[in-house]
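Heads up: the sequence lines are chains X and Z, in that order. The first sequence: position 257 = 266 (the numbering used here), numbered continuously. The second sequence: position 215 = 1705 (the numbering used here), numbered continuously.
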Amino acid sequence: MVRDGDVVALEGFTHLIPFAAGHEIIRQGRRDLTLIRMTPDLIYDQLIGSGCASKLIFSWGGNPGVGSLHRLRDAVEQRWPAPLALEENAHAGMAAAYAAGASHLPFGLLRGYLGTDLPKYNRVKFIECPFTGEKLAAIPAIRPDVTVIHAQQADRKGNVLMWGVIGVQKEAVLAAQRVIVTVEEIVDQLNSPPNAVVLPSWVVGAVCQVRGGAFPSYAQGYYPRNNAFYKQWDSIARERATFQAWMQQHVLSTSDFDEFKRSLEQVVTHV
Amino acid sequence: MSEIKYTADEMMTIAAARMIRNGASCFVGIGLPSAAANLARLTHAPDTVLIYESGCIGTKPTVLPLSIGDGELSETADAVVSIPEIFAYWLQGGRIDLGFLGAAQIDRFANINTTVIGDYYHPSVRLPGAGGAPEIAASSKEVLITLRQNKRAFIEKLDFVTSGGHFSGGDSRAKMNLPGKGPTAVITDLGIMTPDETTKELTLTSLHPGVTVEKAIESTGWALKVAPQLATTEAPTETELRVLRDLNERTARAHAGQV
């Protein structure tokens, strides 16, 4: 469902990041993708370092609490393995742009970006409020070709349930043309509280059960964030050679996420 | 009385924590601000409402989060809302008393760069970017900034203004009609700077114990103004140090472990 040249959002705000789906995009050798994500982290570092992307639309690109994303930096600073165009926002603007995409409006509106240099380098424009004359920021709607998310549960009909830090996933799903959801578990009955985030099956294109598919991020109620892995990624990704060797051994030479995790277990390290 | 030993980083975190008023709603960045805000909550400000941009409102973590959205934050929160909601309804909605930010670089008017060093299209260092900071800096009623003081961080002219402080000084912020009044203090490992009432230029108003004025001046990339009535920051108390060290120790233990 992801094709070369697509505009793809794999969303997740530190929680429920679709790592397994990202690995599959890398294995399939997709190229020339425009990747969208508010907080590109390790899976985007892997996609970028593997040469899948030609553009990144984002608002914060780092390894949270650890440091830089070395593959993202290498692509921007040294154009390796390929040049990467950036379209850069602030979180508030990007959240408004996703909400506009889901609402089928042409732009998101917010009181933001005033006095920063960001508007010089992206597509923010300022408009006047027709009622008060206040200067407000307008940012074009985000409409991905494909949105990919990971959730806790789906039922057999394909209704999707998620809880905890829900990020911008609902907006990213409703803004997209096609939607892929990986889940921890497919259950007979969701038994969801009335206000939990449920994406009804008819807005979801495909559901795939991948247990642990958000590792090393977390799935609340299933497993915690593997902070040790996030720290270890810094040394794996710092150099091109160690990054490529790691990708080859653990992602490209494995056929799915279960095999990936088994291959990691064979080189268990304590940090 | 025996002298209590502490590090410059501990002094910085403790001095920053003391700035948080009990009961304030506080929008917290990850790293140093998060450590200071949680220290405040565990000492003099138990009713502080900590808000993280991952949508966690009123969170009470027992260990410091590594990321802005660790499970520890959502599991101990009063409410967890979506990202569009946290920015639109809570921050832009005017419900934040205090925004608490870190920075890679800062200038004399407390403008912040977390985007690039060098030319935007050919940067020598590509930093993570804006995150929530520009709107936290604009819309919180008041802003605190904390970072380590040296000439690579405190610089004469920023290559990129990611988040606005007092812009070009004087009444330049007031003229922009931003909702919040901007940065009111910058807390470093050497001392505390506050903006001059009229010029809005950061002025050294307090030095941490044992730090010289010369050290503060030579660690700043512009000609740092020093207040005529320069105070000395009160040294950390035993309680502050114990609570901070316990917190850091719990955190280190929680973040270690097996990959």
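Backbone N, C-alpha and C fix where the C-beta goes; we use that ideal spot for every residue, glycine too.
Query, Result
"At a CB-CB cut-off below 9 Å, which residues of chain Z make contact with residue 98 of chain X?", "1619 and 1620"
"Comparing the C-beta of residue 204 of chain X with each C-beta of chain Z, is any distance below 9 Å?", "no"
"Are the beta-carbon atoms belonging to residue 18 of chain X and residue 156 of chain X less than 9 Å from one another?", "yes"
"Which complete alpha helix (DSSP H) runs does the region 1510-1592 of chain Z hold, if anything under 4 residues is left out?", "1522-1532 and 1561-1565"
"Contact criterion: CB-CB distance below 9 Å. Does residue 1651 of chain Z meet it with respect to chain X?", "yes"
"Quick one, which residues of the region 1521-1552 of chain Z are near chain X if we go by CB-CB under 8 Å, in chain order?", "1521, 1543, 1544, 1545 and 1546"
"Below 7 Å CB to CB, which residues in the same chain sit around residue 121 of chain X once its five sequence neighbours on both sides are set aside?", "99, 101, 102 and 146"
"Measure the beta-carbon distance from residue 1626 of chain Z to residue 1517 of chain Z and round it to whole angstroms, keeping in mind my assumption that it falls under 8 Å.", "5 Å"
"The beta strand (DSSP E) with residue 270 of chain X in it runs from where to where?", "First-last for residue 270 of chain X: 266-274, but that is the alpha helix (DSSP H), not the beta strand (DSSP E)."
"For residue 1705 of chain Z, does the three-state DSSP call read helix, strand or coil?", "helix"
"Roughly how many angstroms separate the alpha carbons of residue 185 of chain X and residue 1533 of chain Z, rounded to a whole number?", "46 Å"
"Against chain Z, which members of the region 119-153 of chain X pass a CB distance test of less than 9 Å?", "119, 120, 121, 122, 123, 124, 125, 126, 127, 129, 130, 143 and 144"
"Measure the C-alpha to C-alpha separation of residue 1529 of chain Z and residue 1730 of chain Z and round it to an integer number of angstroms.", "8 Å"
"Shortest alpha-carbon distance to residue 205 of chain X belongs to which of X:219, X:32 and X:173?", "X:173"
"Going along chain C, which residues have a C-beta under 9 Å from residue 229 of chain X?", "Absence of chain C from the displayed structure is noted, the protein chains being X and Z."
"Quick check: is the beta carbon of residue 1579 of chain Z nearer than 9 Å to any beta carbon in chain X?", "no"
"Determine, using beta carbons only, whether residue 280 of chain X comes closer than 9 Å to chain Z.", "In this prediction, residue 280 of chain X has a pLDDT of 41, which is less than 50 and means its spatial position is unreliable; nothing more can be read from the coordinates."
"If I measure Cβ to Cβ from residue 1728 of chain Z and keep anything under 8 Å in the same chain, skipping five residues before and after, which residues do I get?", "1494"
"Is residue 282 of chain X close to chain Z, meaning its C-beta is less than 9 Å from at least one C-beta of that chain?", "This structure cannot settle anything about residue 282 of chain X, because the visible part of chain X is limited to 10 through 280."
"Quick check: what's the CA-CA separation for residue 77 of chain X versus residue 1505 of chain Z?", "28 Å"
"So, under 8 Å CB-CB, residue 123 of chain X and residue 1628 of chain Z are touching, yes? Tell me the CB distance rounded to an integer number of Å.", "6 Å"
"CB residue 25 of chain X to CB residue 176 of chain X, shorter than 9 Å?", "yes"
"Please name the residue in X:111, X:86 and X:153 whose C-alpha comes closest to that of residue 1606 of chain Z.", "X:86"
"List, in chain order, every chain Z residue whose beta-carbon is nearer than 7 Å to that of residue 60 of chain X.", "What residue 60 of chain X touches in chain Z: nothing, since even the nearest Cβ is about 18 Å away."
"Could you confirm whether any beta carbon from chain Z is found closer than 9 Å to the beta carbon of residue 71 of chain X?", "yes"
"For residue 1642 of chain Z, is the classification buried or exposed, using 16 other Cβ atoms within 10 angstroms of its Cβ as the cut-off for buried?", "exposed"
"Kindly give me the distance between the Cβ atoms of residue 163 of chain X and residue 216 of chain X, rounded to whole angstroms, as I take these residues to be in contact under 8 Å.", "5 Å"
"Quick one: does residue 1582 of chain Z have its CB under 9 Å from some CB of chain X?", "yes"
"For residue 116 of chain X and chain Z, any beta-carbon pair shorter than 9 Å?", "no"
"Strictly by DSSP, which residues pair up with residue 257 of chain X?", "BP columns for residue 257 of chain X are empty, so no partner."
"Rounding to the nearest angstrom, what Cα-Cα distance links residue 84 of chain X and residue 1616 of chain Z in this structure?", "10 Å"
"For residue 1707 of chain Z, collect the residues of the same chain with a Cβ closer than 7 Å to its Cβ; drop the 5 residues on either side in sequence, then sort them by chain order.", "1714"
"Are residue 222 of chain X and residue 30 of chain X touching if we call contact CB-CB under 9 Å?", "yes"
"Whole alpha helix (DSSP H) runs in the region 70-155 of chain X with 4 or more residues, listed along the chain?", "79-87 and 100-112"
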